[in-house]
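Taking it in order: structure first as structure tokens, then the write-up.
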Amino acid sequence: MSDSQQAASPADADARDQPLTLAVLRQLLRNDWRRLPGSTLVVLSSDAEGNTFSPFASYSHSRYAPTLSDLVGDVFPLPEQLAKDPELRELFPTVPDSAVRALVLFPLG
Numbered sequence: 002m003s004d005s006q007q008a009a010s011p012a013d014a015d016a017r018d019q020p021l022t023l024a025v026l027r028q029l030l031r032n033d034w035r036r037l038p039g040s041t042l043v044v045l046s047s048d049a050e051g052n053t054f055s056p057f058a059s060y061s062h063s064r065y066a067p068t069l070s071d072l073v074g075d076v077f078p079l080p081e082q083l084a085k086d087p088e089l090r091e092l093f094p095t096v097p098d099s100a101v102r103a104l105v106l107f108p109l110g
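In our numbering, the protein residues as written are 2 to 110.
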């Protein structure tokens, strides 16, 4: 079993081929990964095939919408961020109706 297949609990075999939600991530941290040392490095892959990797560096609360395909899209500001920042509204005059709140993780490199 590859590391990417181990993302979901064995009981949730169907969840392995689905986007990871914060609820599943919390479950993994609370249960499956609770014994991992705090010094364990978190690394992100650039794609599903694992062609390149980089350590996890930062995050943002945003909205995500698939725009290029069902599995590839763009990130957009939250409504409250747009309301506070005129420059941001200029950069993002429209946001797709399909955009949902997301925790966006950024690699170091």
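We put the CB at the ideal spot given by N, CA and C, even for glycine.
Going along the chain, which residues of its own chain have a beta-carbon closer than 8 Å to the beta-carbon of S47, five neighbours each way excluded?
T53, F54, S55, P108
Give me whichever residues DSSP pairs with V105 in a beta bridge.
S61
Between S99 and the rest of its own chain, which residues show a CB-CB distance below 7 Å, the 5 nearest in sequence each way excluded? Beyond the five residues adjoining it in sequence on each side, S99 comes within less than 7 Å, by CB distance, of A66, P67 in the same chain, given in chain order.
Give the DSSP bridge partners of A84, in chain order.
None, per the DSSP bridge assignment.
Per the DSSP calculation, V76 is bridged to which residue(s)? Y65
What does the Cβ neighbour count give for A58, buried or exposed, with the cut at 16 atoms within 10 Å?
exposed
Sequence-distant residues of the same chain with beta carbon closer than 8 Å to V101, five excluded per side: R64, Y65, A66
- prompt: Quick one: what does DSSP say V43 is sitting in, helix, strand or coil?
  reply: coil
- Message: Residues in the same chain with beta-carbon distance under 8 Å from L79, minus the five sequence neighbours each way, listed in chain order, please.
- Response: So the qualifying residues of the chain are H62, S63, R64, R102.
- Query: Which residues in the same chain have their Cβ closer than 7 Å to the Cβ of L106, if we skip the five residues on either side of it in sequence?
  - Reply: L45, F57, Y60.
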